[in-house]
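Structure, as structure tokens:
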Amino acid sequence: MPSTIPAAGTLPWRRTKGGGLEVLLVHRPRYHDWSWAKGKLDPGEEWPVAAERETQEETAVPVRLGRPLPPASYTVLDSKGVPTTKEVRYWAATPAGPAGKLRNEIDEIAWLNVREAHDRLDYSRDRDQLRALVRADQEGELETTPFVLVRHAKAVSRSAYDGPDDQQRPLDDLGRERARDLVALFRAYGVERVGSSPSVRCVDTVVPFAESLGRGVRLHPSLSEEDHVVDPAAAAEVTRLQLAKRRSRVLCGHGPVLPTMLHVLSAQCSASESGRAAQVIIDDAIDLGLAKGEVLVAHISRSPVLGPQVVAVERFLPPA
């Protein structure tokens with residue numbers, strides 16, 4: 008049994024006709040309590056993937072993940088009755104389709120306004136996520152779309168590659184495995200569009216996800232290592248243009264090119280507390296780089312005056 012039990016969940020939210028905020032709670036008859044949809048990670052599963060999966064399993068409501076919310080940590084008894092820390096990471100989420108039929112351990116769900124949800128929650132710790140959700144809404148930073156950057160997965164080394172053109176250098180076995188794993192991660196955030204450097208190792212990192220959408224990969228020559236050496240400003244311009252689009256998207260690039268792309272995000276961080284925290288994460292990624300196969304998810308709100316604003320950022324390393 009691990010020393011910490013990892014779990015993930017969401018706060019699904021929606022607007023009423025009058026513009027008010029409602030959130031979705033679940034009732035567990037086993038514990039006679041009202042709480043947020045959540046559950047344990049499967050072996051090897053990434054946190055956001057578990058959050059999306061558990062929410063749909065418990066509520067029968069398909070969701071798309073939004074910005075992260077405060078985590079919770081508390082003590083539970085494991086299967087042997089030993090006190091163990093349970094760590095739960097949460098995300099805001101929006102319904103992505105009609106609700107199905109309840110199954111598993113949940114016997115009732117309820118869409119409630121903020122006051123009703125506050126009063127019905129059985130655990131005070133669950134109100135931390137509710138307060139964060141309301142604060143984001145008050146700041147105009149709750150409704151977001153993901154803008155995802157990923158460094159290409161592990162490729163055949165330059166020394167081992169005997170092809171005539173480095174742009175054709177392919178992923179190795181670990182890289183192909185990471186590309187397959189990224190499908191569930193990108194799906195959890197509801198990513199809709201896929202772009203990439205034309206280099207094979209970048210394209211093949213996102214092709215499995217694009218195929219799962221039934222879409223192609225849009226190639227951006229300016230994001231290649233070769234073009235970036237000649238004209239780095241072109242890579243920044245591609246990033247700005249893609250960031251301005253409203254649909255969620257992922258761009259796959261190279262280690263030497265990603266800092267240029269990340270500088271565009273850093274310049275668009277919100278002045279809010281969460282936006283300043285996001286800028287710290289982005290600047291760290293600029294200074295230290297992203298690992299091969301690492302994902303950076305920037306959550307973007309839209310301001311009619313300031314344009315796209317980065318309000319939160321997450322990073323996800325490939326499995327060790």
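Using my numbering, the first residue of the sequence shown is number 8, and each one after it goes up by one.
Just so it is clear, CB atoms sit at the ideal spot from N, CA and C, and this is done for glycine as well.
Asked, Found
"Residue 247 to residue 185 span [Cα, whole Å]", "27 Å"
"Meets three-Cβ-pair contact criterion under 8 Å: the stretch 170-187 and the stretch 201-211", "yes"
"DSSP-derived helix/strand/coil call for residue 85", "coil"
"Given residue 301 as reference, the closest of 317, 324 and 282 once Cα atoms are compared", "324"
"Distance cut-off 7 Å: residue 136 Cβ against heavy atoms of the ligand ADP", "Because no ligand of any kind appears in the structure shown, any question about the ligand ADP cannot be addressed here."
"Whole-angstrom C-beta distance between residue 212 and residue 159, which should lie under 8 Å", "5 Å"
"Residue closest to residue 164, alpha-carbon to alpha-carbon, out of 187, 179 and 153", "179"
"Minimum length 3: unbroken beta strand (DSSP E) runs contained in the stretch 10-74", "11-22, 28-35, 40-42 and 44-47"
"Spatial distance of residue 8 from residue 193 (CA atoms)", "Because residue 8 carries a pLDDT of 45, less than 50, the predicted location of this residue cannot be relied on, and the following value inherits that uncertainty. About 29 Å."
"With 16 other Cβ atoms within 10 Å as the buried cut-off, status of residue 108", "exposed"
"Inside the stretch 231-312 only - beta strand (DSSP E) runs reaching at least 3 residues", "256-260 and 302-310"
"As assigned by DSSP and simplified to three states, the class of residue 321", "strand"
"Under the three-state DSSP convention, the category residue 8 falls into", "Here the model assigns residue 8 a pLDDT of 45, short of 50, so the residue's position is not dependable, and the following value carries that caveat. Coil, per DSSP."
"Sequence-distant residues of its chain with Cβ nearer than 6 Å to residue 79 (five each side left out)", "95 and 132"
"Reference residue 38; option with closest CA among 260, 128, 255 and 105", "128"
"Inter-stretch contact (C-beta, 8 Å, three-pair minimum) for the stretch 257-272 and the stretch 133-149", "no"
"contact_flag[the stretch 278-289, the stretch 246-266] where n(CB pairs < 8 Å) is 3 or more", "no"
"Contact under 8 Å by Cβ, residue 351 with residue 15", "Lying before the first or after the last residue shown, residue 351 is absent from the chain, which here runs from 8 to 327."
"CA-to-CA distance, residue 156 to residue 201, given in whole angstroms", "10 Å"
"Contact set for residue 167: own chain, Cβ-Cβ below 8 Å, skip 5 residues either direction", "none"
"Residue 91 in three-state terms, based on DSSP", "strand"
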